[in-house]
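Asker: Just add 235 to the spot in the sequence shown (first one is 1) and you have the numbering used here.
The beta carbon of each residue, even a glycine, is placed where N, CA and C say it ideally should be.
Dumping the structure here so I can ask a few things about it.
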Amino acid sequence: MKLVRYTRGGGLTNYLPLPRALLELDLSGTALLLYGLLLDRATLSQKNSWWDQEGWVYVRFPIQKLAAALGKGTAVIKVRLRELEEAGLIRRITPRRGEASQIFLCLPEDAFLAGRRSKNQPRPGQKISHDPAKKLAPNNLREPQKENNHSDQYKEEESL
């Protein structure tokens, strides 16, 4: 991995989202990373219209692949998934024997940007009429951040 300095012109492109409110919960670091990984995958699921009849976005991420992505064993991942379930942050449903679980995520209420949700876009858990042909607007988590126009406010290498 090559490291570069984070400068005022730089934008973040590849990171895991983690709602700040989760830091107030009594969760292990591995559980927080696992949730961030699942939430990142859920944004892709949302773009690809992977939701149930009620509009809940779900993720399919086999335990072996989760373990590989986090560099942990499958036993650790199973324990941390259970930790997230007990905290009410995820719900797992296994559709058929041998298939990967559908993992539904719950988010803190303040995780949604004000004004971002359109009137016809459902709130989590709200029943909707499912139209697979209609795609949700993609989020911009992986788009480069806009440059701050306050370049004269701080000198280079000066911290806030």
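1. With DSSP as the reference, label residue 270 as helix, strand or coil.
2. Indicate the three-state DSSP secondary structure (helix, strand or coil) for residue 311 in the structure shown.
3. Quick check on residue 238: does DSSP put it in helix, strand or coil?
4. Could you tell me the alpha carbon to alpha carbon distance between residue 300 and residue 314, rounded to whole angstroms?
5. Taking the beta carbon of residue 246 as the centre, do at least 16 other beta carbons fall within 10 Å, making it buried, or is it exposed?
6. Where does the unbroken alpha helix (DSSP H) through residue 305 begin, and where does it stop?
7. Answer with buried or exposed for residue 340, where buried requires no fewer than 16 other C-beta atoms within 10 angstroms of its C-beta.
8. Which first and last residues belong to the beta strand (DSSP E) in which residue 243 is found?
9. Classify residue 267: buried if its beta carbon has 16 or more other beta carbons within 10 angstroms, exposed otherwise.
10. Cutting at 8 Å between CB atoms, please list the residues of its own chain near residue 337, excluding the five before and the five after it.
11. When DSSP labels each residue in this structure, what does residue 340 get in the three-state scheme?
12. Have a look at the DSSP bridge pairing and note the partners of residue 293.
13. Quick check on DSSP: helix, strand or coil for residue 332?
14. Have a look at 324, 289, 279, 285 and flag the residue whose alpha-carbon is nearest the alpha-carbon of residue 254.
15. Assuming contact is defined by CB atoms lying nearer than 8 Å, are residue 271 and residue 252 in contact in what I supplied?
Answerer: From the atom records:
1. helix
2. helix
3. coil
4. 15 Å
5. exposed
6. 298 to 305
7. Using a 10 angstroms sphere on the CB of residue 340, the tally of other CB atoms reaches 16 or more, which defines it as buried.
8. Element bounds for residue 243: n/a, residue is neither H nor E.
9. buried
10. 287, 293, 294, 295, 327, 328, 329, 330
11. When secondary structure is reduced to three states using DSSP, residue 340 falls in the strand class.
12. 339
13. In this structure, residue 332 counts as coil in the three-state DSSP scheme.
14. 324
15. yes
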